[in-house]
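Residue numbers (this note's numbering): 47 to 242.
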């Protein structure tokens, strides 16, 4: 595959967020692959969206979509890692059991996950990106779920490659929207998105 095959799928973060529709159920990744800058753009669209479900694992950074109850009419947020492992004040987050492997597939079916929006590491020369070094197995299972109809990836040069298993990688030609957002990963400061 060549760069030209997926070049037309590159969009701004704002355009990628505009691909989200009311009623979508979106896997947003795990730990450092959660696309914080993409969530900023979703928060800015809160008035235009209703009943969007965001499902992820181990939110190591806070975000207004997780903490501010003013967003609850537009966004339902679910974490599959217990509250004791999360930053404080996640008032908007519903916590369910720890999960891995086939349990993730059950979560996909139970909640009807139809979209994926995660950060990935830089592409190789063949247009292949890794899901990152932390929590990749969960995103890998979700990515292979047949109910996924919309794939949004955000390339971040700071994302570590990680993963050795073939399923821990995604071919950009299989993605619907590709955005770029280079930012450091390890800050755990409160992240405030634009207010609605």
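By construction, the Cβ of each residue, glycine as well, lies at the ideal position given by its N, Cα and C atoms.
From a predicted model like this one, the values you see are computed outputs, not experimental measurements.
{"Asked": "Residue 236 by DSSP, collapsed to three states: which one?", "Found": "With a pLDDT of 44 at residue 236, under the threshold of 50, the predicted position of this residue should be treated as unreliable, though the coordinate-derived value follows. Here residue 236 sits in coil by DSSP."}
{"Asked": "In this structure, does DSSP put residue 151 in helix, strand or coil?", "Found": "helix"}
{"Asked": "Would you mind listing the alpha helix (DSSP H) stretches within the stretch 49-107 that are 4+ residues and don't spill past its ends, in chain order?", "Found": "49-53, 59-64, 82-90"}
{"Asked": "On the criterion of 16 or more Cβ atoms from any shown chain inside 10 Å, does residue 108 qualify as buried, or is it exposed?", "Found": "buried"}
{"Asked": "Where do the ends of the alpha helix (DSSP H) carrying residue 245 lie?", "Found": "With the chain running from 47 to 242 in the structure shown, residue 245 is simply not present."}
{"Asked": "Helix, strand or coil, according to DSSP, for residue 120 in the structure here?", "Found": "coil"}
{"Asked": "Three or more C-beta pairs under 8 Å: does that hold for the stretch 102-118 against the stretch 77-87?", "Found": "yes"}
{"Asked": "Check whether the stretch 85-93 touches the stretch 198-212, taking contact to mean three or more Cβ pairs, one atom from each stretch, closer than 8 Å.", "Found": "no"}
{"Asked": "Thinking residue 162 and residue 139 are a contact (beta carbons under 8 Å), I'd like their distance in whole angstroms, please.", "Found": "Residue 162 to residue 139, Cβ: 19 Å. No contact."}
{"Asked": "Measuring alpha carbon to alpha carbon, tell me which of 152, 204, 218 ends up nearest residue 229.", "Found": "204"}
{"Asked": "How long is the line joining the alpha carbons of residue 160 and residue 206, rounded to whole angstroms?", "Found": "26 Å"}
{"Asked": "Identify every residue that forms a DSSP beta bridge with residue 213.", "Found": "Its beta-bridge partners do not exist; DSSP assigns none."}
{"Asked": "May I ask you to list the residues that DSSP assigns as paired with residue 165?", "Found": "200"}
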